[in-house]
Amino acid sequence: MADLLIELFSEEIPARMQAKARTDLKALVTDGLVAAGLTYAGAHALSTPRRLVLAIDGLTAESRAVREERKGPATTAPEQAVQGFLRSTGLTLDQLEVRDAGKGQAYFAVIEKPGRKAAEIVAEVLEATVRNFPWPKSMRWGSGALRWVRPLHSILCLLSDESGAEVVPLDIDGIHSGNATRGHRFLAPEAFSVNSFEDYAAKLKRAKVMLDPEERAGHIWHDATNAAFAAGLEVVEDRGLLTEVAGLVEWPVVLMGRIGEEFLGLPPEVLQTSMKEHQKFFSCRNPKTGRIEGFVTVANNDPADHGATILKGNQKVLSARLSDAKFFWENDLRTVRDVGLEGMAEGLAHVTFHNKLGSQKDRIGRIEALAREIAPLVGAKPDLAAEAARVAKADLQSAMVGEFPELQGTMGVYYAKAAGLPEAVADACKAHYQPLGPSDAVPTEPVSVAVALADKIDTLTGFWAIDEKPTGSKDPFALRRAALGVIRLVLGNDVRGGVASIIERWFKNALHMPISYGQVRPDTMVLKSRPTYLDRFVEVTGSGETDDGAFYEDHRVLWEEFDLVVKDLLAFFHDRLKVHLRDEGIRHDVIDACLAMPGNDDLTLLVKRAEALSEFLKTDDGENLIQGFKRANNILTQAEEKDGVEYSFGADPKFAEDASERTLFAALDKAEAAIAPAIEAENFAAAMSAMASLRAPIDAFFEAVQVNTDNQVVRRNRLNLLSRIRTICLSVADLTKLEG
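Take any residue in the sequence shown, count from 1 to its spot, add 19: that is its number in this note's numbering.
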């Protein structure tokens, strides 16, 4: 057994590419070695800005010899078939064996592959890895043909065991493998040789290189938090930034500085974003005031003046950056004071949302109308929801968001408060974007919920109307995320009301609204210069508006198209809900059983029903009752098909011949009396409990009587009794959808 050490030493690798590069290097090399017949005990990949490293433990010294027998074509086969077999095996005709094979004779190839030394295989695999490495971006340099993320300087490839170490000979475009590497670019640039991974790691540490990215990240965080604590501050945690900075340095030296007093009035998010995006600084917060008052930078050097010169230069650049941010902030506040937040939003009339759905201002109009209608469903005041919708995207026109797009919504809160708008309106400027993902919080303030739902439903319905739906893995407009956002908003706030009716209201509202670029129509988008959706509607149907302001009396042509969109979009919601509920541990067939019930566009009601049914099926009574229901349903269905009639009424206890029948009649009466009001009250747990009481009577009935008896009166009565079982059970959920 031997250990393998590989180092690919280059110019600086972008930090964002290093994690995937480590994974790719490990996979490509280990998969290649295993495919060639070698085995290994363990492997781990590491990286610094200038090197990718792979260490493999317990590598076998050589691959095993392989003997393979392959049956070829019959000896009487056409020449082309024989030649194809020879090409596939790499043998000649005289090397083949002729053997009996069934009705005749056939050619057989015996292929023997001798074992190969590990060094030979490693060289072959590593060269293929380097030449075909999947960098997101790569470059050529000099006159060579090799491509790498940055110019590749050297390759260290070493096999070591108890007897010593040997260099695996390799030459890739003039880069020869060896046993030497270099330390830190500035602190220890001299070359040195190594003889094992342990020797390599130890010498790199002495040469001012921390090889393990996790170690560098831990060192940075430890020193940064200590420095901040000593200054009475705390570091704002940012794991993404920590990983990135750890990928920028080989020997991290933490330095801490203070932000100028003139910038402390800026919102904390502005300071934090500016320092992170422009200079990769960590923000330091005063826990007493909540203000960002300091920063931590990480140098890739250990200067004699303890970083004073580096800090001075960084603070000079930081002051320039924050001066820009301060200018944007003050300029935006002046705009808000002069024209208000709605005035700031006027510029969105010139910003295209989508060429078939109009401008951002058109979209805001649709969201406002829909938010006003959703507001009563979530306990918000319609006027307040409409006001929030009008200003929620105003900060997209601000100078600050123009510089830092990631601050959209956040800045809207500050500007709304500066304009003196109600707190609920201000909060909605940020919260209406939420939830942005599965781990993001769901807003609960009614105004925010109304605008958030309107925003996401407008996105979904608009793109559905122009037939821009997700296909396969492609979802350029993040519509799956928007649908999951609607689901989480509805369920998280116990919102009642059908999603389909909200989508319909979107269409009815949209038809009245002016649009700058196109008209919503499912089959075609007419990019004519028409002032409103209404004109396009009149053009299609020749209809006019009724006196009482109702939608339109003769609207079948266009509305049928819209109705198809509503149904298709509702099915999309159901698909996303299935994914969401499966993550919550609810079986897909349970969801299907509930989707088949009326009111399935009321997502809150649907989930309540699914949760109750799921819990019911986890009990013995539940599982056994389902089997009893299915038995009753199967017998009844077969009888109805055979007789050509429907047994759906007329079951009478006076025709009962057995005590089990009379007991079942009584149990059905009792269950029906309990289930109906429970479902009416949406107490599905109580309905399931009442249904569970039928298990024993149904079991006893099937054990005691024969349904298809020769007495036709009794048979008909028992079939009608089975119909009652089916009707009562199906009132809770469509149990025919359940598996098993």
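By construction, the Cβ of each residue, glycine as well, lies at the ideal position given by its N, Cα and C atoms.
Fair warning: this is a prediction, and the values are worked out from it, not measured in the lab.
Between A709 and A693, the CB-CB gap stays under 7 Å.
Per DSSP, D474 is one residue of the alpha helix (DSSP H) stretching across 465 to 484. Spatial neighbours of F674 in its own chain (CB-CB distance under 7 Å, excluding positions within 5 residues in sequence) are listed in chain order as V732, V733, N736. The beta carbons of V213 and A142 sit no closer together than 7 Å. Out of P286, L352, V751, the CA that lies nearest to the CA of P617 is found in V751. Here G123 carries a strand assignment [DSSP, helix/strand/coil]. Listed in chain order, the non-local C-beta contacts of A138 below 8 Å within the same chain comprise L178, E185, V187, P188, local neighbours out to five positions each way being set aside. In terms of CA proximity to T429, W348 leads the group G491, G161, F216, W348. Per DSSP, the continuous alpha helix (DSSP H) segment holding H297 begins and ends at 287 to 298. Contact between the stretch 278 to 289 and the stretch 317 to 330 is absent: fewer than three C-beta pairs spanning the two stretches fall below 8 Å. Take L367, set aside five residues on each side of it, and the residues of its chain with a beta-carbon closer than 7 Å to its own are S378, Q379, K380, I383, K412, L415, Q416, in chain order.
Look at L503 here: in three-state DSSP terms it is helix.
DSSP places D180 inside the beta strand (DSSP E), whose first and last residues are 171 to 180.
Taking the CA atoms as reference points, G511 sits about 22 Å from I698. Beta-carbon to beta-carbon, R310 and L274 are separated by about 21 Å, too far to satisfy the 8 Å threshold.
Here A450 is buried: its Cβ has 16 or more other Cβ atoms, across all protein chains shown, within 10 Å. Counting the other CB atoms within 10 Å of its CB gives R409 a total of 16 or more, which places it among the buried residues. Annotated as distal: V598 and L632, with beta-carbon spacing of 7 Å or more. In the DSSP assignment, M20 falls outside any alpha helix (DSSP H), carrying neither H nor E.
Take the alpha-carbon of Y126 and the one of R106: they are about 14 Å apart. In the structure shown, the three-state DSSP call for P322 is coil.
The shortest C-alpha to C-alpha distance from Q725 to any of P716, A715, L738, L713 is the one to L738.
A residue is called buried when at least 16 other Cβ atoms come within 10 angstroms of its Cβ; T480 meets this threshold and is buried.
Residue A243 holds the alpha-carbon nearest to the alpha-carbon of E253 among T262, L71, D351, A243. In the three-state reduction of the DSSP assignment, T200 falls in the strand class, which pools E and B. Judged by DSSP in its simplified three-state form, W160 adopts coil rather than helix or strand.
Listed in chain order, the non-local C-beta contacts of G163 below 6 Å within the same chain comprise D192, local neighbours out to five positions each way being set aside.
Taking C-alpha positions only, L713 is separated from V518 by approximately 35 Å.
Contact between V315 and A418 does not hold, since their C-beta atoms are separated by about 28 Å, which reaches or exceeds 8 Å. Taking a cut-off of 8 Å on C-beta distances, the stretch 470 to 480 touches the stretch 502 to 516, as three or more cross pairs fall below it.
Boundaries around T42 are those of the alpha helix (DSSP H), 34 to 54, since no beta strand (DSSP E) includes it.
Secondary structure of L145 (DSSP, three-state): helix. Counting every other CB atom within 10 Å of its CB across the protein chains shown gives W525 a total of 16 or more, marking it as buried.
A residue is called buried once 16 or more other Cβ atoms fall within 10 Å of its Cβ, and M158, having fewer, is exposed. Taking the Cα of L455 as reference, the smallest distance to any Cα among F28, E487, R500 is reached at R500. Inclusion of A447 and A394 in the CB contact set at 7 Å is not warranted, their separation being larger than that value.
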